[in-house]
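What follows is a short report on a single structure.
Residue numbers (UniProt numbering): 1 to 133.
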């Protein structure tokens, strides 16, 4: 799934605010980046059609809220691009990830190590549960 710059900005805004109509979104972005209410309405509609937002009619307008959590969308986007790029060379993806990791601060690296260890333990537990007795 491709997301434009404004779509990403709007999603981030709605993850923070949880719910907003087009006028609220426009009033947030207009001083910073300009643009018209129509552009914001079109962006919200595109995100809704992509399944990333839900909307509820309120008077003559819609109130929009995210239909996916930030973590789930990030995971999906990373998985999609990784699968596309790793078709012939999975090692290249791992090497690129390690190269990116050198720029992460020590605390984040420790958190990453902890997350990896947790996922490995979870996988091992699930594998043991699936084995027939």
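Note that beta-carbon positions come from the ideal geometry of N, C-alpha and C, so glycine has one too.
Keep in mind the model is a prediction, meaning the values are calculated, not measured.
With 16 as the cutoff for other CB atoms within 10 Å, does residue i come out buried or exposed?
i	result
residue 96	exposed
residue 80	exposed
residue 20	buried
residue 98	exposed
residue 47	buried
residue 22	buried
residue 40	buried
Take residue i as the anchor and find which of the options has the nearest alpha-carbon.
i	options	result
residue 7	105, 45, 21 and 125	45
residue 172	123, 126 and 18	For residue 172 there is no data in the structure shown, the boundaries of the chain being 1 and 133.
residue 3	121, 112, 52 and 119	52
Under a three-way DSSP split, which group does residue i fall into?
i	result
residue 65	strand
residue 54	strand
residue 86	coil
residue 21	strand
residue 41	helix
residue 103	coil
residue 36	coil
residue 2	coil
residue 59	coil
Near residue i, which residues of its chain fall below 7 Å by C-beta distance, leaving aside the five closest residues on each side in sequence?
i	result
residue 43	6, 7 and 10
Less than 6 Å between C-beta atoms, sequence neighbours within five positions excluded: which residues of the same chain meet that for residue i?
i	result
residue 86	93
residue 54	65 and 67
residue 63	19, 21 and 56
If contacts are defined as beta-carbon pairs under 8 Å, then residue i and residue j qualify, I think. What distance do you get, rounded to the angstrom?
i	j	result
residue 1	residue 50	6 Å
Quick check: does the Cβ of residue i come within less than 8 Å of any heavy atom belonging to the ligand MN?
i	result
residue 22	Looking at this structure, you won't find the ligand MN or any other ligand, since it has none at all.
Excluding sequence positions up to five away, which residues of its chain have a Cβ less than 8 Å from the Cβ of residue i?
i	result
residue 13	20, 25, 28 and 29
residue 37	22, 23 and 26
residue 101	109 and 112
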